[in-house]
Amino acid sequence: MEIFQQVGACRLCYKMVTLRQHAFECDNCRRWVHRLCGTGISYNQYRDIMDHHRHGGSFEWLCPTCDSVARKAAFTINEEGEQQVVGLQTLEST
Ligand SMILES: [Zn+2]
Ligand SMILES: [Zn+2]
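The sequence shown begins at 867 in this note's numbering and counts up by one.
Right, here's the structure in full:
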């Protein structure tokens, strides 16, 4: 039996995230989300981010759920009437 190193379950698909997979830890809720589960981050962007991270750079990332909450908060603060299109979908229904 192979032992996979697991870091937690993806917040969006609820499958385990292994260290071999591309995934991000949310800075807000500390949950993990696969890169392909709605992060909108390309493979090249992911590599750049990881490279940056390895060299001691910091990277702040919010999962789509926390991000939409943050955007809503920012939107209420912004009273300029500028419309923001939020293309994120929340898969949580419960
Ligand atoms: Zn996932
Ligand atoms: Zn989050």
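Don't be surprised by glycine CBs; every beta carbon is placed ideally from N, CA and C. Only a predicted model underlies this, so the values are computations on that prediction, with no experimental measurement involved.
{"Check": "Residue nearest to ALA889 in terms of C-alpha spacing, selected from TYR880, PHE925 and CYS876", "Outcome": "CYS876"}
{"Check": "Distance cut 5 Å, beta-carbon to ligand 2 heavy atom: residue list by chain order", "Outcome": "CYS892, ASN894, CYS895, CYS929 and CYS932"}
{"Check": "Cβ neighbour criterion (16 or more within 10 Å) applied to LEU885", "Outcome": "exposed"}
{"Check": "Of the residues CYS892, MET916, VAL873 and CYS903, the one placed nearest CYS879, counting alpha carbons only", "Outcome": "CYS903"}
{"Check": "Cβ-heavy atom distance, VAL873 to ligand 1, below 8 Å", "Outcome": "no"}
{"Check": "Reduced DSSP category for PHE941 - H, G, I as helix; E, B as strand; rest coil", "Outcome": "helix"}
{"Check": "Where ALA936 sits in the DSSP three-state scheme", "Outcome": "helix"}
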